[in-house]
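Engineer: One structure, pasted below without further comment.
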Amino acid sequence: LDGQGADEIFAGYPTYISTRLVSAIKKRDLSKIYWIFKFHPTMFLRILGNLLPSRASIFIQNFLNISFSSKTLNEKWFRIEDLDFSSNNLNFTDDIFKNKLKELFFDKSLPSLLRYLDKNSMSNSVESRVPFLSKDIVEFAFSLPEEYLIDNSGRSKAILRHAMEDIVPKKILERKDKIGFSVPENEWLSCSSKWLNGAKKITLDNLPMIKKDKLNLQFDKALSSNRIMNNELWRYINLSIWAEEFNVRFN
547 LDGQGADEIF AGYPTYISTR LVSAIKKRDL SKIYWIFKFH PTMFLRILGN LLPSRASIFI
607 QNFLNISFSS KTLNEKWFRI EDLDFSSNNL NFTDDIFKNK LKELFFDKSL PSLLRYLDKN
667 SMSNSVESRV PFLSKDIVEF AFSLPEEYLI DNSGRSKAIL RHAMEDIVPK KILERKDKIG
727 FSVPENEWLS CSSKWLNGAK KITLDNLPMI KKDKLNLQFD KALSSNRIMN NELWRYINLS
787 IWAEEFNVRF N
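One rule links them: number in my numbering = place in the sequence shown (from 1) + 546.
Set out below in C-alpha coordinates:
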(Lines of atoms letter the chains of each structure in order from A and count residues from 1; the text may use other names and numbers.)
(Lines give C-alpha, C1' and ligand atoms only; values in the text may rest on other atoms or scores of the structure.)
Protein backbone atom coordinates (compact mmCIF):
# COMPACT_ATOMS: atom_id res chain seq x y z
CA LEU A 1 0.00 0.00 0.00
CA ASP A 2 1.25 3.47 -0.87
CA GLY A 3 0.10 6.94 0.15
CA GLN A 4 0.53 8.62 -3.25
CA GLY A 5 -2.18 11.19 -3.95
CA ALA A 6 -2.91 12.26 -0.38
CA ASP A 7 -0.85 15.45 -0.65
CA GLU A 8 -2.42 16.32 -3.99
CA ILE A 9 -6.09 15.83 -3.10
CA PHE A 10 -5.94 16.93 0.57
CA ALA A 11 -3.61 19.92 0.00
CA GLY A 12 -0.47 18.73 1.73
CA TYR A 13 2.14 20.77 -0.16
CA PRO A 14 3.32 24.28 0.91
CA THR A 15 2.15 25.76 -2.41
CA TYR A 16 -1.44 25.09 -1.34
CA ILE A 17 -1.04 27.39 1.67
CA SER A 18 -0.11 30.38 -0.51
CA THR A 19 -2.92 29.49 -2.94
CA ARG A 20 -5.40 29.37 -0.06
CA LEU A 21 -4.26 32.82 1.08
CA VAL A 22 -4.59 34.22 -2.44
CA SER A 23 -8.07 32.71 -2.66
CA ALA A 24 -9.02 34.38 0.63
CA ILE A 25 -7.65 37.77 -0.48
CA LYS A 26 -9.61 37.56 -3.73
CA LYS A 27 -12.72 36.96 -1.63
CA ARG A 28 -11.81 40.09 0.40
CA ASP A 29 -10.97 38.03 3.46
CA LEU A 30 -7.83 39.62 4.95
CA SER A 31 -7.85 37.65 8.20
CA LYS A 32 -5.05 35.36 6.99
CA ILE A 33 -2.54 38.03 5.88
CA TYR A 34 -0.32 37.09 8.85
CA TRP A 35 0.42 33.78 7.09
CA ILE A 36 2.94 35.72 4.98
CA PHE A 37 5.09 36.11 8.10
CA LYS A 38 4.21 32.75 9.62
CA PHE A 39 5.44 30.60 6.75
CA HIS A 40 8.45 30.62 4.40
CA PRO A 41 9.45 34.03 2.91
CA THR A 42 9.02 32.71 -0.65
CA MET A 43 5.29 32.66 0.05
CA PHE A 44 5.20 36.41 -0.61
CA LEU A 45 6.52 35.90 -4.16
CA ARG A 46 4.02 33.12 -4.79
CA ILE A 47 1.17 35.31 -3.58
CA LEU A 48 2.33 38.26 -5.67
CA GLY A 49 2.56 36.06 -8.74
CA ASN A 50 -0.99 34.81 -8.25
CA LEU A 51 -2.54 38.21 -7.53
CA LEU A 52 -0.95 40.19 -10.36
CA PRO A 53 -1.88 39.87 -14.04
CA SER A 54 0.48 37.45 -15.78
CA ARG A 55 2.27 40.19 -17.77
CA ALA A 56 2.92 42.24 -14.63
CA SER A 57 4.16 39.17 -12.79
CA ILE A 58 6.60 38.32 -15.62
CA PHE A 59 7.82 41.96 -15.77
CA ILE A 60 8.60 41.98 -12.03
CA GLN A 61 10.37 38.61 -12.25
CA ASN A 62 12.54 39.91 -15.09
CA PHE A 63 13.20 43.24 -13.37
CA LEU A 64 14.29 41.56 -10.13
CA ASN A 65 16.09 38.80 -12.04
CA ILE A 66 13.93 36.15 -10.38
CA SER A 67 13.77 32.81 -12.17
CA PHE A 68 11.73 29.79 -11.13
CA SER A 69 13.61 27.54 -13.54
CA SER A 70 16.99 26.05 -12.76
CA LYS A 71 19.97 28.39 -13.05
CA THR A 72 21.95 25.41 -14.37
CA LEU A 73 19.81 25.00 -17.49
CA ASN A 74 21.17 26.45 -20.72
CA GLU A 75 18.13 28.34 -21.99
CA LYS A 76 19.88 29.15 -25.30
CA TRP A 77 20.10 25.43 -26.09
CA PHE A 78 16.36 25.01 -25.49
CA ARG A 79 15.60 27.94 -27.83
CA ILE A 80 17.87 26.53 -30.56
CA GLU A 81 16.15 23.13 -30.25
CA ASP A 82 12.75 24.90 -30.26
CA LEU A 83 11.86 23.44 -26.87
CA ASP A 84 9.78 25.25 -24.28
CA PHE A 85 10.46 24.25 -20.68
CA SER A 86 8.36 27.02 -19.15
CA SER A 87 5.44 26.10 -16.92
CA ASN A 88 1.86 26.86 -17.88
CA ASN A 89 -0.94 26.93 -15.34
CA LEU A 90 -4.06 24.94 -16.16
CA ASN A 91 -7.41 26.57 -15.49
CA PHE A 92 -10.18 24.08 -14.87
CA THR A 93 -12.60 26.44 -13.09
CA ASP A 94 -12.72 30.02 -11.77
CA ASP A 95 -11.81 28.68 -8.31
CA ILE A 96 -8.06 29.30 -7.86
CA PHE A 97 -7.72 26.78 -5.02
CA LYS A 98 -9.53 23.98 -6.86
CA ASN A 99 -7.44 24.78 -9.94
CA LYS A 100 -4.26 24.22 -7.94
CA LEU A 101 -5.58 20.89 -6.61
CA LYS A 102 -6.40 19.64 -10.09
CA GLU A 103 -3.24 21.08 -11.62
CA LEU A 104 -0.99 19.07 -9.29
CA PHE A 105 -3.26 16.03 -9.51
CA PHE A 106 -3.58 15.84 -13.30
CA ASP A 107 -0.45 17.53 -14.58
CA LYS A 108 2.44 18.80 -12.47
CA SER A 109 3.00 16.44 -9.57
CA LEU A 110 1.12 13.18 -9.33
CA PRO A 111 1.66 11.67 -12.82
CA SER A 112 5.47 11.66 -12.46
CA LEU A 113 5.29 10.36 -8.88
CA LEU A 114 3.09 7.48 -10.01
CA ARG A 115 5.63 6.61 -12.69
CA TYR A 116 8.37 6.50 -10.04
CA LEU A 117 6.19 4.29 -7.86
CA ASP A 118 5.39 1.93 -10.71
CA LYS A 119 9.03 1.59 -11.79
CA ASN A 120 10.23 1.06 -8.21
CA SER A 121 7.61 -1.56 -7.40
CA MET A 122 7.73 -3.42 -10.73
CA SER A 123 11.53 -3.63 -10.67
CA ASN A 124 11.05 -5.69 -7.50
CA SER A 125 8.00 -7.63 -8.81
CA VAL A 126 5.74 -5.99 -6.23
CA GLU A 127 2.21 -4.83 -7.00
CA SER A 128 1.53 -1.37 -5.56
CA ARG A 129 -1.89 -0.05 -4.58
CA VAL A 130 -2.82 3.60 -3.93
CA PRO A 131 -6.02 3.75 -1.84
CA PHE A 132 -6.08 7.57 -1.70
CA LEU A 133 -6.61 7.56 -5.46
CA SER A 134 -9.81 5.55 -5.39
CA LYS A 135 -12.50 7.35 -7.40
CA ASP A 136 -14.80 7.99 -4.44
CA ILE A 137 -12.09 9.50 -2.24
CA VAL A 138 -10.80 11.77 -5.02
CA GLU A 139 -14.28 13.03 -5.87
CA PHE A 140 -15.01 13.56 -2.18
CA ALA A 141 -11.80 15.56 -1.65
CA PHE A 142 -12.42 17.73 -4.71
CA SER A 143 -15.93 18.51 -3.46
CA LEU A 144 -14.76 19.85 -0.07
CA PRO A 145 -14.63 23.57 0.79
CA GLU A 146 -11.02 24.81 0.82
CA GLU A 147 -11.11 25.53 4.58
CA TYR A 148 -11.55 21.77 5.16
CA LEU A 149 -8.21 21.17 3.44
CA ILE A 150 -6.22 24.19 4.68
CA ASP A 151 -7.93 25.35 7.85
CA ASN A 152 -8.00 28.90 9.20
CA SER A 153 -4.72 28.38 11.09
CA GLY A 154 -2.89 27.30 7.91
CA ARG A 155 -2.86 23.60 8.83
CA SER A 156 -2.50 21.49 5.70
CA LYS A 157 -4.47 18.28 5.08
CA ALA A 158 -6.71 19.50 7.91
CA ILE A 159 -9.64 17.14 7.41
CA LEU A 160 -7.38 14.10 7.03
CA ARG A 161 -5.31 14.95 10.13
CA HIS A 162 -8.49 15.59 12.12
CA ALA A 163 -10.02 12.27 11.01
CA MET A 164 -6.91 10.38 12.13
CA GLU A 165 -6.49 12.07 15.54
CA ASP A 166 -7.50 9.04 17.62
CA ILE A 167 -5.88 6.54 15.27
CA VAL A 168 -2.42 7.85 14.32
CA PRO A 169 0.19 8.99 16.92
CA LYS A 170 0.47 12.79 17.09
CA LYS A 171 4.19 12.70 16.19
CA ILE A 172 3.29 11.15 12.84
CA LEU A 173 0.03 13.03 12.41
CA GLU A 174 1.67 16.46 12.57
CA ARG A 175 4.68 15.71 10.36
CA LYS A 176 5.30 18.38 7.73
CA ASP A 177 8.56 17.18 6.12
CA LYS A 178 8.49 15.59 2.68
CA ILE A 179 10.86 12.67 2.14
CA GLY A 180 9.60 11.18 -1.11
CA PHE A 181 11.66 8.55 -2.92
CA SER A 182 14.86 9.20 -1.00
CA VAL A 183 18.16 7.72 -2.16
CA PRO A 184 21.28 7.51 0.10
CA GLU A 185 23.44 9.19 -2.54
CA ASN A 186 25.63 10.97 0.01
CA GLU A 187 26.43 7.69 1.75
CA TRP A 188 27.43 6.21 -1.60
CA LEU A 189 29.56 9.20 -2.55
CA SER A 190 31.49 9.14 0.71
CA CYS A 191 32.73 5.70 -0.35
CA SER A 192 33.67 6.52 -3.95
CA SER A 193 34.95 9.92 -5.08
CA LYS A 194 36.48 8.07 -8.06
CA TRP A 195 32.98 7.12 -9.23
CA LEU A 196 31.81 10.73 -8.87
CA ASN A 197 34.74 11.97 -10.98
CA GLY A 198 33.72 9.50 -13.68
CA ALA A 199 30.08 10.63 -13.41
CA LYS A 200 31.28 14.24 -13.77
CA LYS A 201 32.94 13.54 -17.12
CA ILE A 202 29.94 11.60 -18.47
CA THR A 203 27.50 14.30 -17.34
CA LEU A 204 29.50 17.18 -18.84
CA ASP A 205 29.90 15.26 -22.12
CA ASN A 206 26.30 14.07 -22.47
CA LEU A 207 24.12 17.01 -21.41
CA PRO A 208 24.40 20.02 -23.75
CA MET A 209 21.32 21.62 -22.18
CA ILE A 210 23.27 22.27 -18.97
CA LYS A 211 25.61 25.22 -18.36
CA LYS A 212 28.97 23.53 -17.94
CA ASP A 213 30.43 26.18 -15.61
CA LYS A 214 27.46 25.89 -13.22
CA LEU A 215 27.56 22.11 -13.37
CA ASN A 216 31.32 22.07 -12.75
CA LEU A 217 30.77 24.17 -9.65
CA GLN A 218 28.17 21.74 -8.31
CA PHE A 219 30.49 18.79 -8.92
CA ASP A 220 33.42 20.56 -7.23
CA LYS A 221 31.30 21.22 -4.14
CA ALA A 222 30.15 17.59 -4.08
CA LEU A 223 33.71 16.27 -4.45
CA SER A 224 35.11 18.53 -1.73
CA SER A 225 32.40 17.63 0.78
CA ASN A 226 31.46 14.07 -0.30
CA ARG A 227 27.91 15.34 -0.39
CA ILE A 228 25.47 16.26 -3.15
CA MET A 229 24.09 19.59 -1.98
CA ASN A 230 20.84 19.36 -3.98
CA ASN A 231 18.93 16.70 -5.85
CA GLU A 232 19.32 18.58 -9.13
CA LEU A 233 22.88 17.30 -9.58
CA TRP A 234 21.81 13.76 -8.72
CA ARG A 235 19.15 13.96 -11.45
CA TYR A 236 21.68 15.19 -14.00
CA ILE A 237 24.01 12.32 -13.12
CA ASN A 238 21.22 9.76 -13.57
CA LEU A 239 20.11 11.31 -16.86
CA SER A 240 23.65 11.26 -18.24
CA ILE A 241 24.25 7.62 -17.19
CA TRP A 242 20.94 6.64 -18.80
CA ALA A 243 21.94 8.46 -22.00
CA GLU A 244 25.33 6.72 -21.98
CA GLU A 245 23.77 3.29 -21.38
CA PHE A 246 21.26 3.59 -24.22
CA ASN A 247 23.39 5.68 -26.59
CA VAL A 248 21.07 8.69 -26.48
CA ARG A 249 22.38 11.94 -27.94
CA PHE A 250 20.58 15.22 -27.27
CA ASN A 251 21.99 17.14 -30.24
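Idealized CB from N, CA, C, for every residue including glycine.
1) Can Phe556 and Lys681 be called in contact, C-beta distance under 8 Å?
2) Provide the residue(s) that pair with Leu619 in DSSP beta bridges, ordered along the chain.
3) In its own chain, which residues sit with a C-beta less than 6 Å from the C-beta of Lys578, not counting the 5 before and 5 after it?
4) Would you list, in sequence order, the uninterrupted alpha helix (DSSP H) runs of no fewer than 4 residues that lie entirely inside the segment 728-785?
5) Verify whether the separation of the beta carbon atoms of Glu554 and Leu650 is less than 8 Å.
6) So, using beta-carbon positions, are Thr618 and Lys760 closer together than 8 Å?
7) When burial is assigned at 16 or more other CB atoms within 10 Å of the CB, is Phe820 buried or exposed?
8) Where does Asp664 sit, in a helix, a strand or coil, going by DSSP?
9) Can you tell me which of the three DSSP states Lys578 falls into?
10) Go to Lys703, then tell me how far its alpha helix (DSSP H) extends in each direction, as first and last residue.
11) Enumerate in chain order the residues of its own chain whose CB-to-CB distance from Gly700 is below 6 Å, with the five nearest sequence positions on each side excluded.
12) Thinking just about the alpha-carbon of each residue, which of Met668, Ser669, Glu685 and Phe727 is nearest to the one in Asn777?
13) By a C-beta neighbour count over all protein chains shown, 10 Å radius and 16 as the cutoff for buried, is Ile783 buried or exposed?
14) Using 10 angstroms around the beta-carbon of Phe765, count the other beta-carbons present and answer buried if the total reaches 16, otherwise exposed.
15) Quick check on DSSP: helix, strand or coil for Glu790?
16) Hey, how far is the Cα of Met755 from the Cα of Asp723?
17) Could you tell me the boundaries of the alpha helix (DSSP H) in which Ser564 lies?
18) On the three-state DSSP scale, how would you describe Leu547?
19) From the DSSP output, in three-state form, read off Asn645 for me.
20) How many whole angstroms separate the CB atoms of Trp719 and Glu711, which I take to be in contact at a CB cut-off of 8 Å?
21) Thinking Ile679 and Gly551 are a contact (beta carbons under 8 Å), I'd like their distance in whole angstroms, please.
22) Taking the alpha carbon of Phe686 as the point to measure from, which residue in Ser674, Ile705, Ser671 and Leu763 has its own alpha carbon closest?
23) When you compare only the Cα positions, how much space is there between Asn620 and His708?
24) Which same chain residues end up closer than 7 Å to Ile774 when comparing Cβ atoms and leaving out the 5 residues on each side of it in sequence?
Structural biologist: With the given structure in hand:
1) In the sequence shown, residue 556 corresponds to position 10, counting from 1. In the sequence shown, residue 681 corresponds to position 135, counting from 1. Their beta carbons are not under 8 Å apart, which means Phe556 does not touch Lys681 by this criterion.
2) Mapped onto the sequence shown, residue 619 falls at position 73. Its beta-bridge partners are Ile756.
3) The residue given as residue 578 occupies position 32 in the sequence shown. Apart from the 5 residues on each side of it in sequence, Lys578 sits with its Cβ closer than 6 Å to the Cβ of Leu567 and Ala570 in its chain, given in chain order.
4) The segment 728-785 contains these whole alpha helix (DSSP H) runs: 731-735, 739-752 and 758-771.
5) Translated into positions along the sequence shown, residue 554 becomes position 8. Translated into positions along the sequence shown, residue 650 becomes position 104. Annotated as proximal: Glu554 and Leu650, with beta-carbon spacing under 8 Å.
6) Here the question's residue 618 lines up with position 72 in the sequence shown. Here the question's residue 760 lines up with position 214 in the sequence shown. Remark: C-beta atoms of Thr618 and Lys760 approach each other more closely than 8 Å.
7) This structure cannot settle anything about residue 820, because the visible part of the chain is limited to 547 through 797.
8) To locate residue 664, count along the sequence shown from 1; it is residue 118. Here Asp664 sits in helix by DSSP.
9) Position 32 of the sequence shown, counting from 1, holds the residue named residue 578. Assigned with DSSP and collapsed to three states, Lys578 falls in coil, not helix or strand.
10) On the sequence shown, position 157 is the one that residue 703 refers to. According to the DSSP assignment, Lys703 belongs to no alpha helix (DSSP H), since it is labelled neither H nor E.
11) Position 154 of the sequence shown, counting from 1, holds the residue named residue 700. Counting only residues of its own chain and dropping the five nearest sequence neighbours on each side, Gly700 has a CB closer than 6 Å to the CB of Ile563 and Trp581.
12) Here residue 777 refers to the residue found at position 231 of the sequence shown. Of the listed residues, the one whose Cα sits closest to Asn777 is Phe727.
13) Numbered from 1 along the sequence shown, position 237 holds the residue referred to as residue 783. Buried, since its Cβ has 16 or more Cβ neighbours within 10 Å.
14) Within the sequence shown, residue 765 is the residue found at index 219, counting from 1. Of the other Cβ atoms in all chains shown, 16 or more fall within 10 Å of the Cβ of Phe765; this residue is therefore buried.
15) Numbered from its first residue, the sequence shown carries residue 790 at position 244. Secondary structure of Glu790 (DSSP, three-state): helix.
16) Residue mapping note: residue 755 aligns to position 209 of the sequence shown, counting from 1. Residue mapping note: residue 723 aligns to position 177 of the sequence shown, counting from 1. Cα to Cα, the separation comes out at about 31 Å.
17) Translated into positions along the sequence shown, residue 564 becomes position 18. Start and end: Pro560 to Lys572.
18) Counting from one through the sequence shown, the residue named residue 547 turns up at place 1. Looking at Leu547 - three-state DSSP - the assignment turns out to be coil, as it is neither helix nor strand.
19) As a first step, residue 645 is located in the sequence shown; it is residue number 99 there, counting from the start. Reduced to three states, the DSSP call for Asn645 is helix.
20) Walking along the sequence shown from the start, residue 719 turns up at place 173. Walking along the sequence shown from the start, residue 711 turns up at place 165. Position check: residue 719 holds Leu in this sequence, whereas Trp was assumed. Separation of the CB atoms of Leu719 and Glu711 is rounded to 7 Å, and the pair is thereby assigned contact status at 8 Å.
21) Your numbering for residue 679 matches position 133 in the sequence shown. Your numbering for residue 551 matches position 5 in the sequence shown. Here residue 679 turns out to be Leu, not Ile, going by the sequence shown. Taking 8 Å as the upper bound for CB-CB distance, Leu679 and Gly551 are in contact here, some 4 Å apart.
22) By 1-based counting over the sequence shown, the position of residue 686 is 140. Among Ser674, Ile705, Ser671 and Leu763, the Cα nearest to that of Phe686 belongs to Ile705.
23) Start at 1 with the first residue of the sequence shown, and residue 620 comes out as number 74. Start at 1 with the first residue of the sequence shown, and residue 708 comes out as number 162. Just so you know, the alpha carbons of Asn620 and His708 end up roughly 46 Å apart.
24) Here residue 774 refers to the residue found at position 228 when the sequence shown is read from its first residue. Around Ile774, the same chain offers Glu731, Asn732, Leu735, Ala768 and Trp780 as residues with beta carbons nearer than 7 Å, after the five sequence neighbours per side are excluded.
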